[in-house]
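Structure record follows, encoded as structure tokens.
Quick look at the structure:
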């Protein structure tokens, strides 16, 4: 990019107040752009950002996206065939620093996995007022899910680990005869996780 680009980013971050919390972009911005803005701030005796996060790239049917070659899929294109939660589940299914290949088959697979989780959530929501089963096992599963969620998020946003934990929870919870207290706790934690990841996991609405 032009030389002014690095200065512009420093000025914008200056308005927010140094240091900003997170500066992000694609892996191709590590050098020279982010390195240059960081050096500008350092030369002025300031820290630009507390954290830098760089995402890898999205390919389409194992080909590099190129508008000029017609090899491209936009968010609006994806939403013509899939709902937003399914696309989000697909995108979160691989760590943000790894290249992700977009195929319709893989997105459909994500829809299946998310649907299985939501069916269990819906079942829990329906049984939340019954309260006739055993609470201990669901409490245990919920605690494990909560621990895995926070551990994954704190480990460089390891969202694949979090989605695996959700799938494991759903697989185990669907076999249980649950009690009222444990169901309420499970729905509470699922709701928190869903609100952060961008899924409705409080009611299981599809």
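In the numbering used here, the protein residues as written are 114 to 319. Glycine included, every Cβ here is placed at the ideal spot set by N, Cα and C. On a predicted model such as this, the values are computed, not experimentally measured, just so you know.
What are the boundary residues of the beta strand (DSSP E) that includes residue i?
i           : result
residue 184 : Per DSSP, residue 184 belongs to no beta strand (DSSP E) and is neither H nor E.
Under 8 Å, do residue i and residue j count as touching if we go by C-beta distance?
i           : j           : result
residue 248 : residue 183 : no
residue 298 : residue 255 : yes
residue 217 : residue 194 : yes
residue 154 : residue 119 : no
residue 140 : residue 206 : no
residue 226 : residue 316 : no
residue 237 : residue 300 : yes
residue 296 : residue 240 : yes
The alpha helix (DSSP H) spanning residue i covers which residue range?
i           : result
residue 263 : 249 to 267
residue 205 : 197 to 205
residue 152 : 148 to 156
residue 191 : 188 to 194
Assuming residue i and residue j make a contact with CB atoms under 8 Å, what is their CB distance in whole Å?
i           : j           : result
residue 186 : residue 200 : At roughly 10 Å, the Cβ-Cβ gap does not stay under 8 Å, so residue 186 and residue 200 are not in contact.
residue 290 : residue 246 : 4 Å
residue 161 : residue 123 : 7 Å
Can you check DSSP and say which residues form a bridge with residue i?
i           : result
residue 167 : 138
residue 321 : Any question about residue 321 goes unanswered here, given that the chain covers just 114 to 319.
residue 303 : In the DSSP output, where bridge partners are listed per residue, residue 303 has none listed.
residue 213 : 171
Under the three-state reduction of DSSP, which class applies to residue i: helix, strand or coil?
i           : result
residue 316 : coil
residue 270 : coil
residue 287 : coil
residue 180 : coil
residue 311 : coil
residue 246 : coil
residue 208 : coil
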